[in-house]
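*Asks:* Protein chains in written order, with the numbering used here: chain A, 1 to 835; chain B, 1001 to 1224. Virtual Cβ for every residue (Gly too), placed ideally from N, Cα, C. Small disclaimer: the values here were computed from a predicted structure and weren't measured.
What follows is the structure, given as structure tokens:
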């Protein structure tokens, strides 16, 4: 009988702890348990036998740590250890119907972004173990705390074998794992990846796991696994405090939540399994088994955040190069900070999800998408909508996404459905379906509905769950086809009523070509919400649109007691107040403010007060003006007022060109700050605060230059990198800010960078100054090696080094040209080397 | 083995200001505001945990323990002690995420958050120590001595964390290059015994940077 059949049984009984049993047999301290598979097979077989005698339907082979990292010191290969382990388990199970599971535990290293192990490496390590374990009946992945690592393991299991996969993660009392993964995120992600059963093991005793099992039952329809510890260990004696009777008694309570696969973890022994067996037999007679009924509302997630679409949610649209020159430039330059900045401004403005589209001519979209998804995941928990027309880009993103994403999009064309729906099914995402096909966008709502239905049925036939199918009825511009607005809304209503699916629309398209677009957009948005729009794709920074959303939620009785609206009002001014303030501040005519949005503010003129007529360009005025401006900027720098710095710079751009502003105002201000720092009147944090303000000013100039088609001159290019093995980058990033402020272009290779990559980039880009950073004594070796490789490759460059562990002596010893004692010095070195 | 969940209700900023080299403290209002903002965000991100084990210590050997601290400075440190506490603590991975996020907002904010976090882990260790001592009968004890101090090798970290089962108990890992992750984490040894010598109190005497120390050069110390 195979496992899929097994799962149809009322219950499945797993086994208990192996470690404590081996210790009881006299396993010496410090032994790698998996080696006993080869050195003391009789012990292992005996432990398995005793669990089988007590009723185990599945035994976990002694392979918990059998991966190449943990087994490196064992003297055996993974294949040898896993092979022996499964052989032992099979021997023990001879003549019984008990199945053997390949047991896969955590690798033992923390994954990116906080840890040093990449997702791809983790996958590779798991794949090796899976390949070695093909003779097992199923694969169990257990004691996981990191959803990302778990995903790597599940993908490895499913792509390197056909065996069924069970997964259990380890939660703390707060219903989160150590890395913050929620129960809902585990269920949504793993069920989507197609595991056969899931649940919880270790860390807590059965009583503390009750609420967690209850929570799991809300989020998955899969069979639920529970494998608790025997309570908590006594700090002195290390004995566990829950006895077999009590253990089984509490587990019995979990049946009501739908749990049906039980076992024991740390501190348990065959007696616990025996008691569980008794309990489960009793439960069968008393008909206590239940099937849980989870919520089936569409949810997407990251490990920390689950967004349930039980009311309209905002998808922020700004991470998209279409029509955005500055964004396209950032993509071409690999400026991830810019993209992340766009993410944050949308999140702060209230976006619930973020659309991510990085397709532009000349960009390796697949590479960029993977880097962008990983970068976003490293700083924000907001779930993403992966947006691309290319299946290979979607697939690459779906692999590295940590959680359950939304995908935009598939459409009614046969080729699209064939290429994209299988990816959605495999990776467990939710998908937006566009109501267009080979014939284009049908004008009539009924025809769009028909396409929606067609795609839905195809998706369902592939096993995609209904709640994961969303429909975008497409918004055409009303200036070209006036009836289009009502047709779209009619289609939305039909989809909601007849198919019961969630709907998506890109709401700003409606007004293209008309003046005063915002008015049309907000009205259409409200109409669409009323027609049943669930997920608008919009710019959350446009406050009028967010107000429309908030207002709708009050009127539709979604926002109970208008609490959300009232609290939004406390933090956000309505547009008319903002515009009034602008009028007062800027003293501009009413005509100029018509159709204004706050986003237009930086472009307004700021009047100059003085004794000469306004706009006078005599040398006195020019000099005075710059001095006055320098003092303003200096004040902003010293008080850390970034927004003020940006606003001032925007104003200056109205009547001065960028090089004059940089050389006449910004650099002199920076020099004042720099000098105070060198004289010990202010300290590093204040220097950096000033540099942060300067960055904003420079960024404002850069934005302006890009929109007018000019490019800024740079004084030279410098590579910065934190060397291999080291992931500290605060110091490097501080140096980056300082160097950029002084007009240098920085190629930031990031952290944990192999010497080869530094050499390659130096040669390819003809770089004359390379800056290396390391924080740890253990990574100084990498720094030395990097320098050695640079010299060996004949790179015509100078090397400067910095970092807490470095000294001038050591820098000399490893062959560096300069030692940068602090961030400011790096600018001095750059001046010496590059000018 | 004891595992603790440490709750911090307030961050003290003195350590952070020392790490930043901010000699004027919070006199600058911009710095004070920055400290305030960063402290708030940091406090919500901290999920501090600690794990410890106590072993008998005799003739330079920690008994029944597979971690064997090498070098002479640790032996000096543990002179007169009959027990040793192995302690590891972490602020948790959300702090790393927060620091990465603040780097996008501005490096001054990132520096301040990073320094406050380094101060916070010391606070966590103080609180963990207090809890540990509360569970013991009164005894003398040394200050916290970590791998990397003196000639106590950093490569002992792997064994030290294995002994404490730190991965499983508090989600603390160490990489091949001996970097601990989450990064705001500390491992240390504390000696217990009666009538401990003066060296049991923290001072600059045993530090390898004596004479080259930037803290001492500016008239202060790295410790309180």
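For a test of the three-state rule: what should DSSP assign to residue 379(A), helix, strand or coil?
*Replies:* Taking the first chain and counting its residues from 1, one reaches residue 379(A) at position 379. Taken through DSSP and simplified to helix, strand or coil, residue 379(A) comes out as helix.
*Asks:* Could you give the residue range of the beta strand (DSSP E) that holds residue 536(A)?
*Replies:* The count along the first chain starts at 1 and reaches residue 536(A) at position 536. Where residue 536(A) is concerned, the enclosing beta strand (DSSP E) stretches over 535-538.
*Asks:* Which residues in chain A have a C-beta closer than 7 Å to the C-beta of residue 1094(B)? List them in chain order.
*Replies:* For the purposes of this step, residue 1094(B) is taken as the residue at position 94 of the second chain. For residue 1094(B), the chain A residues whose Cβ falls inside 7 Å of its Cβ are 180, in order along the chain.
*Asks:* Tell me, please, which residues DSSP counts as bridged to residue 411(A).
*Replies:* In the first chain, counting from the first residue as 1, residue 411(A) sits at position 411. According to DSSP, which records beta bridges pairwise, residue 411(A) is partnered with 434(A).
*Asks:* Measure how close the beta-carbons of residue 464(A) and residue 505(A) come, nearest whole angstrom, since I'm counting them as under 8 Å.
*Replies:* Start at 1 with the first residue of the first chain, and residue 464(A) comes out as number 464. Start at 1 with the first residue of the first chain, and residue 505(A) comes out as number 505. The Cβ separation is near 21 Å, so there is no contact.
*Asks:* Along the chain, where does the beta strand (DSSP E) that runs through residue 471(A) open and close?
*Replies:* What you label residue 471(A) is simply residue 471 of the first chain in a count that begins at 1. Unbroken beta strand (DSSP E) run through residue 471(A): 469-472.
*Asks:* Is there a Cβ from chain A that is less than 8 Å from the Cβ of residue 1211(B)?
*Replies:* By 1-based counting over the second chain, the position of residue 1211(B) is 211. No, because no Cβ of chain A sits closer than 8 Å to the Cβ of residue 1211(B).
*Asks:* Rounded to the nearest angstrom, what separates residue 641(A) and residue 693(A) at their Cα positions?
*Replies:* Position 641 of the first chain holds residue 641(A). Position 693 of the first chain holds residue 693(A). Each residue's alpha carbon lies about 7 Å from the other.
*Asks:* Residue 733(A) versus chain B: which residues are under 9 Å apart at the beta carbon?
*Replies:* In the first chain, the residue the question calls residue 733(A) occupies position 733. Neighbours of residue 733(A) on chain B, chain order: 1103, 1107, 1110.
*Asks:* Is the CB of residue 801(A) under 8 Å away from at least one CB in chain B?
*Replies:* Reading the first chain from its first residue, position 801 is the one you call residue 801(A). Answer no: the Cβ-Cβ gap between residue 801(A) and chain B never drops below 8 Å.
*Asks:* Should residue 1182(B) be flagged as near chain A, meaning a C-beta pair shorter than 8 Å?
*Replies:* In the second chain, residue 1182(B) corresponds to position 182, counting from 1. Closer than 8 Å to some Cβ of chain A, the Cβ of residue 1182(B) qualifies, so yes.
*Asks:* Less than 8 Å between the C-beta atoms of residue 352(A) and residue 328(A), yes or no?
*Replies:* Your numbering for residue 352(A) matches position 352 in the first chain. Your numbering for residue 328(A) matches position 328 in the first chain. No, these two residues do not count as a Cβ contact at 8 Å.
*Asks:* Does any C-beta atom of chain A lie closer than 8 Å to the C-beta of residue 1139(B)?
*Replies:* Counted from its first residue, the second chain places residue 1139(B) at position 139. So, not an interface residue.
*Asks:* Measuring CA to CA, which of 428(A), 472(A), 303(A), 429(A) is closest to residue 445(A)?
*Replies:* For this step, residue 445(A) is matched to residue 445 along the first chain. Comparing Cα-Cα distances from residue 445(A) to each of 428(A), 472(A), 303(A), 429(A), the minimum goes to 472(A).
*Asks:* Based on DSSP bridge pairs, tell me the residues matched to residue 861(A).
*Replies:* Examination of residue 861(A) is not possible in this model, given that chain A is present from 1 through 835 alone.
*Asks:* Pull the bridge partners of residue 1189(B) from the DSSP assignment, please.
*Replies:* Start at 1 with the first residue of the second chain, and residue 1189(B) comes out as number 189. Answer by DSSP bridge pairing, in chain order: 1086(B), 1145(B).
*Asks:* Determine the extent of the alpha helix (DSSP H) in which residue 671(A) is found, giving its start and end residues.
*Replies:* Looking up residue 671(A) in the first chain gives position 671. DSSP places residue 671(A) in the uninterrupted alpha helix (DSSP H) bounded by 667-678.
*Asks:* Would you mind listing the beta strand (DSSP E) stretches within the region 215-259 of chain A that are 3+ residues and don't spill past its ends, in chain order?
*Replies:* 224-227
*Asks:* Pick from 1002(B), 1011(B), 1003(B): whose alpha carbon is nearest that of residue 1118(B)?
*Replies:* As a first step, residue 1118(B) is located in the second chain; it is residue number 118 there, counting from the start. Nearest of 1002(B), 1011(B), 1003(B) to residue 1118(B), Cα basis: 1011(B).
*Asks:* Within 10 angstroms of the Cβ of residue 236(A), are there 16 or more other Cβ atoms? Answer buried if so, exposed if not.
*Replies:* Taking the first chain and counting its residues from 1, one reaches residue 236(A) at position 236. Counting Cβ neighbours within 10 Å, residue 236(A) comes out exposed, since fewer than 16 surround it.
*Asks:* So residue 431(A) packs on residue 470(A), CB below 8 Å; how close in whole Å?
*Replies:* Translated into positions along the first chain, residue 431(A) becomes position 431. Translated into positions along the first chain, residue 470(A) becomes position 470. The Cβ separation is near 7 Å, so the contact holds.
*Asks:* Verify whether the separation of the beta carbon atoms of residue 1049(B) and residue 1003(B) is less than 8 Å.
*Replies:* Position 49 of the second chain, counting from 1, holds the residue named residue 1049(B). Position 3 of the second chain, counting from 1, holds the residue named residue 1003(B). Result yes, Cβ atoms of residue 1049(B) and residue 1003(B) sit closer than 8 Å.
*Asks:* Which value, in whole angstroms, describes the spacing of the CA atoms of residue 171(A) and residue 188(A)?
*Replies:* Here residue 171(A) refers to the residue found at position 171 of the first chain. Here residue 188(A) refers to the residue found at position 188 of the first chain. If I take the Cα positions, the gap works out to 16 Å.
*Asks:* Name, in chain order, the residues that DSSP records as bridge partners for residue 440(A).
*Replies:* As a first step, residue 440(A) must be located in the first chain, where it is residue number 440. For residue 440(A), which the question treats as bridged, DSSP gives the partners 437(A).
*Asks:* Which one of 448(A), 530(A), 521(A) has the shortest CA to CA distance from residue 499(A)?
*Replies:* Walking along the first chain from the start, residue 499(A) turns up at place 499. Per the Cα distances, 448(A).
*Asks:* Going by beta carbon distance, what residues of the same chain come within less than 7 Å of residue 90(A), once the five residues before and after it are set aside?
*Replies:* Counting from 1 along the first chain, the entry for residue 90(A) is found at position 90. Counting only Cβ-Cβ distances below 7 Å, and skipping sequence neighbours, we find 100.
*Asks:* Output yes if chain E places a C-beta closer than 8 Å to the C-beta of residue 1177(B); else output no.
*Replies:* Although the question refers to chain E, the structure presented lacks it and instead comprises the protein chains A and B.
*Asks:* Just verifying my parser: in three-state terms, what is the DSSP assignment at residue 1002(B)?
*Replies:* What you label residue 1002(B) is simply residue 2 of the second chain in a count that begins at 1. If DSSP states are grouped into helix, strand and coil, residue 1002(B) belongs with the strands.
*Asks:* May I ask you to verify whether the region 391-410 of chain A touches the region 363-380 of chain A, counting CB pairs closer than 8 Å and requiring at least 3?
*Replies:* yes
*Asks:* Might you give, ordered along the chain, the residues of its own chain that have their beta carbon closer than 8 Å to the beta carbon of residue 634(A), omitting 5 neighbours on each side?
*Replies:* Indexing the first chain from 1 puts residue 634(A) at position 634. Closer than 8 Å at the Cβ level, and outside the excluded window around residue 634(A), lie 669, 672, 673.
*Asks:* Just verifying my parser: in three-state terms, what is the DSSP assignment at residue 457(A)?
*Replies:* Along the first chain, one-based indexing puts residue 457(A) at 457. Note: residue 457(A) maps to helix in three-state DSSP.
*Asks:* Hey, out of 155(A), 279(A), 219(A), whose CA is closest to residue 12(A)'s CA?
*Replies:* For the purposes of this step, residue 12(A) is taken as the residue at position 12 of the first chain. Nearest C-alpha to residue 12(A): 279(A).
*Asks:* What's the gap between the Cα of residue 359(A) and the Cα of residue 387(A)?
*Replies:* Residue 359(A) sits at position 359 when you count from the first residue of the first chain. Residue 387(A) sits at position 387 when you count from the first residue of the first chain. Distance between the alpha carbons of residue 359(A) and residue 387(A): 9 Å.
*Asks:* Looking at chain A, is there any beta carbon in it that lies within less than 8 Å of the beta carbon of residue 1009(B)?
*Replies:* Along the second chain, read from residue 1 onward, the residue named residue 1009(B) stands at position 9. No, residue 1009(B) lies away from the interface with chain A (no Cβ there is under 8 Å from its Cβ).
*Asks:* If contact is defined by three or more beta carbon pairs under 8 Å, each pair taking one atom from either stretch, is the region 755-768 of chain A in contact with the region 782-793 of chain A?
*Replies:* yes
*Asks:* Near residue 455(A), what residues of its chain come up, given a Cβ to Cβ distance below 6 Å and the 5 sequence neighbours on each side ignored?
*Replies:* On the first chain, position 455 is the one that residue 455(A) refers to. 412, 433.
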